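Protein chains in written order, with this note's numbering: chain A, 1 to 555; chain B, 556 to 918.
Positions of the beta carbon are idealized from the N, C-alpha and C atoms, including for glycine.
Fair warning: this is a prediction, and the values are worked out from it, not measured in the lab.
I have placed the structure first, in the form of structure tokens, so that the comments after it can refer back to it.
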Amino acid sequence: MVRPDHGRGGLGATESRDGMSTLATARGMTRRVGSVRSANRPPIALVSGAIVVALIALVPPIYLVARVSDAPAAAAAAIFTRSTLDLTVRTAVFAAAVTTIATAIALPIAWLTERTDLPGRRILAILAAAPLAVPTYVGAMVAISAFGPGGLLEDLVGRDLPFSIYGFWGATAVVALFTYPYVLLTVRPAVLSLDPRLEDASRGFGYGRWTTFRKVILPQLRPALSSGGLIVALYALADFGAPALMRFDSFTRVIFIRYESTFDRTGAAALASLLALLALALVSLEVWTRGRRRYDAVRANGFSEAPPIRLGAWRWPALAFVTGVLAFALALPATVLGYWLIRGLAAGEAVNGIWDAARDTLLGAGLAAAAAALAAFPVAMLAVRHPRFPLTRPIEVLAYSGYALPGLVVALALVFAGINLGPLYQSLTMLIIAYLLLFLPLAIGATRVSLLQVRPSLEDAARGLGRSRWSVLGTVTAPLASRGILAGAALVFLTTIKELPATLILAPIGFDSLAVRVWSASSEAFFAKAALPALMLLALSSVPLAVLEIAGRRR
Amino acid sequence: MTEVTQTARADTSALRARGLRASFDDTDAVSDLTLDVRPHELLAILGPSGCGKTTSLRLIAGFEAPTAGSLELGGKTVADAGCFVPPERRGVGMVFQDYALFPHMTVRENVEYGLRGAHRKRELAMDALATTGLTALCDRRVHELSGGEQQRVALARALAPRPTLLLLDEPFSNLDLGLRAQVREELRDIIRETGITAILVTHDQEEALSIADRVAFMARGRIVQVATPEEIYLRPATVDVAEFIGDANILDATASDGRVATPFGTFAAPDVAAQAAVIIRPEDLAVGSSGALATVVDREYYGHDQVLRVRLDDGTIARVRLGSRERFAAGDEISLSLVEAPLILADDRPDTRRLRPPHAEAR
Numbered sequence: 001m002v003r004p005d006h007g008r009g010g011l012g013a014t015e016s017r018d019g020m021s022t023l024a025t026a027r028g029m030t031r032r033v034g035s036v037r038s039a040n041r042p043p044i045a046l047v048s049g050a051i052v053v054a055l056i057a058l059v060p061p062i063y064l065v066a067r068v069s070d071a072p073a074a075a076a077a078a079i080f081t082r083s084t085l086d087l088t089v090r091t092a093v094f095a096a097a098v099t100t101i102a103t104a105i106a107l108p109i110a111w112l113t114e115r116t117d118l119p120g121r122r123i124l125a126i127l128a129a130a131p132l133a134v135p136t137y138v139g140a141m142v143a144i145s146a147f148g149p150g151g152l153l154e155d156l157v158g159r160d161l162p163f164s165i166y167g168f169w170g171a172t173a174v175v176a177l178f179t180y181p182y183v184l185l186t187v188r189p190a191v192l193s194l195d196p197r198l199e200d201a202s203r204g205f206g207y208g209r210w211t212t213f214r215k216v217i218l219p220q221l222r223p224a225l226s227s228g229g230l231i232v233a234l235y236a237l238a239d240f241g242a243p244a245l246m247r248f249d250s251f252t253r254v255i256f257i258r259y260e261s262t263f264d265r266t267g268a269a270a271l272a273s274l275l276a277l278l279a280l281a282l283v284s285l286e287v288w289t290r291g292r293r294r295y296d297a298v299r300a301n302g303f304s305e306a307p308p309i310r311l312g313a314w315r316w317p318a319l320a321f322v323t324g325v326l327a328f329a330l331a332l333p334a335t336v337l338g339y340w341l342i343r344g345l346a347a348g349e350a351v352n353g354i355w356d357a358a359r360d361t362l363l364g365a366g367l368a369a370a371a372a373a374l375a376a377f378p379v380a381m382l383a384v385r386h387p388r389f390p391l392t393r394p395i396e397v398l399a400y401s402g403y404a405l406p407g408l409v410v411a412l413a414l415v416f417a418g419i420n421l422g423p424l425y426q427s428l429t430m431l432i433i434a435y436l437l438l439f440l441p442l443a444i445g446a447t448r449v450s451l452l453q454v455r456p457s458l459e460d461a462a463r464g465l466g467r468s469r470w471s472v473l474g475t476v477t478a479p480l481a482s483r484g485i486l487a488g489a490a491l492v493f494l495t496t497i498k499e500l501p502a503t504l505i506l507a508p509i510g511f512d513s514l515a516v517r518v519w520s521a522s523s524e525a526f527f528a529k530a531a532l533p534a535l536m537l538l539a540l541s542s543v544p545l546a547v548l549e550i551a552g553r554r555r
Numbered sequence: 556m557t558e559v560t561q562t563a564r565a566d567t568s569a570l571r572a573r574g575l576r577a578s579f580d581d582t583d584a585v586s587d588l589t590l591d592v593r594p595h596e597l598l599a600i601l602g603p604s605g606c607g608k609t610t611s612l613r614l615i616a617g618f619e620a621p622t623a624g625s626l627e628l629g630g631k632t633v634a635d636a637g638c639f640v641p642p643e644r645r646g647v648g649m650v651f652q653d654y655a656l657f658p659h660m661t662v663r664e665n666v667e668y669g670l671r672g673a674h675r676k677r678e679l680a681m682d683a684l685a686t687t688g689l690t691a692l693c694d695r696r697v698h699e700l701s702g703g704e705q706q707r708v709a710l711a712r713a714l715a716p717r718p719t720l721l722l723l724d725e726p727f728s729n730l731d732l733g734l735r736a737q738v739r740e741e742l743r744d745i746i747r748e749t750g751i752t753a754i755l756v757t758h759d760q761e762e763a764l765s766i767a768d769r770v771a772f773m774a775r776g777r778i779v780q781v782a783t784p785e786e787i788y789l790r791p792a793t794v795d796v797a798e799f800i801g802d803a804n805i806l807d808a809t810a811s812d813g814r815v816a817t818p819f820g821t822f823a824a825p826d827v828a829a830q831a832a833v834i835i836r837p838e839d840l841a842v843g844s845s846g847a848l849a850t851v852v853d854r855e856y857y858g859h860d861q862v863l864r865v866r867l868d869d870g871t872i873a874r875v876r877l878g879s880r881e882r883f884a885a886g887d888e889i890s891l892s893l894v895e896a897p898l899i900l901a902d903d904r905p906d907t908r909r910l911r912p913p914h915a916e917a918r
């Protein structure tokens, strides 16, 4: 390579020039040659990583189908009965009721705390999302021990209550009360980006407040409402702990009983497949309606922030509504759990082993978070940088399947797979794989968003400066996307701490977890015994919530 | 995988591209890039947006793999049918249009990034920063810098590993107009001083003419003409080039017997068969006492000069560039003559692109 010999200083200061015919040649520009056309293709390592993730995601559906087709007659007998039809209808109605009530709680809170002069709206807005940290089975345990037979309220009034907390309405109320934050969190940004000029325009045409809400505001919120509603509906379909404690025979409870008590594994697999189909149908319904409503998406183009709407005399009923929800969703669990804790400690309830449970819970959640962050990266990279690569779409769809599959279904499928896979059966690895499949979509979502913010020219620049693809990934792409990767891991961590059915079924012998402790104590109505692990669960979930909050603030 | 050709020619070009093509989804972004770049020269690739000039740069850097053709850098093949050298092994420095500075690093860390494994990395980085006048800013984060400073960091970072070839993609397009001329001068000085071979891509003809040793004009995925700034301005190879570079009056005419008749006289055009384009730069027209009659339509006064829009006898509108002291107003009758013989080219433009069909404007 010829170097110019303009001995005029500048970059080519004499002493640093000798012995180097440019760094580029020293680094071996001619030594190794990559394969032809490699520039436009995703690197093999990325594709193979993503394929491994997709193959793991294929395991549950394959084993469910295999299990069902092993004994088709028995499976058909389990599915085509009157009681299964009843079960399906009952669960669907349950999911619909939970979604309706959760939306009825979340939408007014979102609107009141973001758009009106509600007293204390800033602190209320933060508190309103906090019930997310309370697992629904803890909520159910609190409800039963407070309002159930022999509960605190009966103690207080000194006689039997005229209603029963158990059954459909109890389960619906509990699940809705602790899942409404999912709707709140998706609707809030949409409420914030509502253009007040549209409302003014509608009022200007002589429409009243109610008509304006129905014809102008609601259509703009619909995409957010339906995606938040989908999360809640899937949660209700998949929830195991709360319906079981509330003695409501939802799909999950029936499947669990078949599997655990009657050892009818084919029947359990058949019903689990049916439940998975129900969830998939729900997702397709949402995707289909969203497709038609694409143009409802809110565009926030340069309007000034609207002055808060004056509630006038309505502010007090509004405040009573919001604080009432928070009283049931936050104050009541804290009070009831505190009461049982003190009562338990006073009665000499053993606290030993609780640290082991906390340690195992943290271990499981930590491994799940790390595995999910690691698995999400190649999938998110393919989706963001190589969207037109033919394998990208199928890999993405498979990686997102855990979003629709209930934890109990994934856990059962893995049990069936584990029996064939020998050493993996009842191992920690199997449990982590279950967590990974269930919560991978959370990690992919967060990683994807942060990768979208890394300009491709930065990666090109790094390669032009002599770095290999791997080096670029480690020094440019990953550091710049680290906040999103961390947020994704924190989300998975938080969700894993609260996870119940997969942990219950797949936890290896000797693996203790706070969730299972809360579950087994409450299902036998030992509320004093459940209080400490439940409170520790809440404390542990607040750590990743804080991490997420900080990550969100610094953006 | 094939072994790279090791034979260096005696007349080594810094870059030698032959028929490079890049297609995406069956459309060619670059259909035929054939270009030689001499060592130590600053070559500008000039063309309208979408002509394929940025893709050409990405082909040279190795960010895109060509669908056909071959590319040699410093006499060594880096891309052809059998081999593809990835960008990190091409020894090419690039300054991106958006600068592509790493936001999570300081100025010095950005510059040191390309020096991994280098002996006396810190020294080399500080050298590059000194060359670009950034020594005082070396511990700043890149988002604390102005646009001009960011541009210099991008340049220092590209130069630090001492590439054999420097590529610049629209390096001035993100700068304020006022800053552009100054940064352009600085850049040219640095490139001359380091003696590096550089290719600059731009859509701004003034930028290309003022800074480059040679200009390569690109249109619809091909290099149309490569020449010095004077040559490409005074002797454009095609009507496209004449139209894009500088101001030009393009008069439509028909050649017969090797001659073309214009309002300013009849000229020999031995190479033109039928449809001819007569190219007259506005500054090559002068107002005098004799010549073609024209009516002033309006006047754009710029201070250092002025441009009259005039209607010729046959209805054609022409532009005339004059000094700043002559006074004309709309409606004035003037006589125009040529200072220089016009350039007459075969009109290869498709019909749809001929904006002024002959005698279209009625008197």
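Using a cut-off of 7 Å between C-beta atoms, extract the partners of H659(B) located in chain A.
-> The CB of H659(B) comes closer than 7 Å to the CB of P479 and L480 in chain A, given here in chain order.
Candidates G607(B), A816(B) and H595(B): which alpha carbon is nearest L575(B)'s?
-> Selected option, being the one with the closest Cα: G607(B).
Sequence ranges, alpha helix (DSSP H) only - wholly within the region 693–743 of chain B, length at least 4 | Taken in chain order, the whole alpha helix (DSSP H) runs of length 4 or more contained in the region 693–743 of chain B are 702–714.
Out of V516(A), A110(A) and L124(A), state which residue places its alpha-carbon closest to the alpha-carbon of A358(A).
-> Among V516(A), A110(A) and L124(A), the Cα nearest to that of A358(A) is on V516(A).
Return the chain-ordered list of same chain residues with a C-beta closer than 6 Å to the C-beta of L891(B), the five sequence neighbours on each side being excluded.
-> L840, G846, A847 and A849.
Residue range of the beta strand (DSSP E) that includes F772(B) | For F772(B), the enclosing beta strand (DSSP E) covers residues R769 to A774.
Beta-carbon neighbours of L452(A), restricted to chain B and to distances below 7 Å = Under the 7 Å cutoff, chain B gives no residues; its nearest Cβ is about 15 Å from L452(A).
So, is the C-beta of P716(B) closer than 8 Å to a C-beta in chain A?
-> When Cβ-Cβ separations below 8 Å define contact, P716(B) makes contact with chain A.
Mind pulling the chain A residues with CB within less than 9 Å of Y788(B)?
-> From the beta-carbon of Y788(B), no residue of chain A is found nearer than 9 Å; the closest lies around 28 Å away.
Measure the CB-CB distance between R222(A) and F240(A) and report whether it falls below 8 Å.
-> With respect to F240(A), R222(A) sits apart: the two C-beta atoms are not nearer than 8 Å.
How is L118(A) classed by DSSP in three states: helix, strand or coil?
-> In this structure, L118(A) counts as coil in the three-state DSSP scheme.
Within 10 angstroms of its Cβ, does A885(B) collect 16 or more other Cβ (buried), or is it exposed?
-> Here A885(B) is exposed. Its C-beta has fewer than 16 other C-beta atoms within 10 Å.
Where V862(B) and R197(A) are concerned, what is the direct C-alpha to C-alpha distance, given to the nearest angstrom?
-> The straight-line gap from Cα to Cα measures roughly 48 Å.
Buried or exposed: which applies to F178(A), given that a residue is buried once 16 or more other Cβ atoms fall within 10 Å of its Cβ?
-> F178(A) should be labelled buried.
Rounded straight-line distance, which links the Cα of A810(B) to that of P818(B) = One C-alpha to the other measures close to 14 Å.
For F618(B) and S611(B), the rounded distance between their alpha carbons = When rounded, the distance between both Cα atoms is 10 Å.
May I ask which residues mark the beginning and end of the beta strand (DSSP E) holding Y259(A)?
-> Not the beta strand (DSSP E): Y259(A) falls in the alpha helix (DSSP H), residues F251 to E260.
Take V547(A) and list the residues in its own chain whose beta-carbon comes closer than 6 Å to its own, dropping the five residues that flank it on each side.
-> Within the same chain, and ignoring the five residues on either side of V547(A) in sequence, the residues whose Cβ sits closer than 6 Å to its Cβ are A490.
In terms of DSSP beta bridges, what is G820(B) paired with?
-> Its beta-bridge partners are T817(B).
Residues of chain B with a CB under 7 Å from the CB of V516(A): which are they?
-> For a Cβ distance threshold of 7 Å, nothing in chain B lies close to V516(A): the least Cβ distance comes to about 42 Å.
Answer with yes or no whether the minimum CB distance from R616(B) to chain A is below 8 Å.
-> What sits at residue 616(B) in the sequence shown is Ala, not Arg. Yes, contact with chain A.
Smallest Cα separation from T429(A): which of G167(A), R122(A), F511(A) and L382(A)?
-> Comparing Cα positions, the closest option is F511(A).
Can the beta-carbon of G353(A) be found closer than 8 Å to that of P501(A)?
-> No, Cβ-Cβ distance for G353(A) and P501(A) is not below 8 Å.
Let me know the secondary structure DSSP gives L626(B) once reduced to three states.
-> Strand.
Please report how far the alpha carbon of Y180(A) lies from the alpha carbon of L278(A), in whole angstroms.
-> Rounded to the nearest angstrom, the two C-alpha atoms are 21 Å apart.
Please list the partners that P726(B) has in chain A, where partner means a Cβ-to-Cβ separation under 7 Å.
-> Chain A residues near P726(B): none, gap ~13 Å exceeds 7 Å.
Under 7 Å between beta-carbons, which chain B residues line up against V476(A)? List them in chain order, please.
-> Within 7 Å Cβ-Cβ: F657.
Close beta carbons around T567(B), own chain, < 6 Å, minus the five adjacent residues each side | Answer for T567(B): G630, listed in chain order.
Grab me the residues of S728(B)'s own chain with a C-beta within less than 7 Å of its C-beta, minus the 5 sequence neighbours each way, in chain order.
-> Close CB contacts of S728(B) within its chain, under the 7 Å cut and outside five residues either way in sequence, are with Q652 (chain order).
Spell out whether any CB of chain A is found under 8 Å from the CB atom of R696(B).
-> Not closer than 8 Å to any Cβ of chain A, the Cβ of R696(B) fails to qualify, so no.
With a cut-off of 8 Å, do at least 3 Cβ pairs link the region 389–400 of chain A to the region 320–334 of chain A?
-> No contact exists between the region 389–400 of chain A and the region 320–334 of chain A.
Please report the Cβ distance between V794(B) and A832(B), rounded to the nearest whole angstrom; I am assuming they are in contact, meaning their Cβ atoms lie under 8 Å.
-> A Cβ-Cβ separation of about 5 Å places V794(B) in contact with A832(B) under the 8 Å criterion.
Spatial neighbours of A57(A) within its chain, please: CB distance less than 8 Å, with the 5 preceding and 5 following residues excluded, ordered by chain position.
-> The beta carbon of A57(A) sits closer than 8 Å to the beta carbons of L398, A399, S401, G402, L437 and L440 from its chain, once the five residues preceding and following it are set aside; these are given in chain order.
State the DSSP-derived secondary structure class of N420(A), mapped to helix, strand or coil.
-> Helix, per DSSP.
Quick one: does G702(B) have its CB under 8 Å from some CB of chain A?
-> G702(B) does not count as touching chain A.
Would you kindly report the start and end of the unbroken beta strand (DSSP E) that includes N804(B)?
-> N804(B) -> beta strand (DSSP E) spans N804 to S811.
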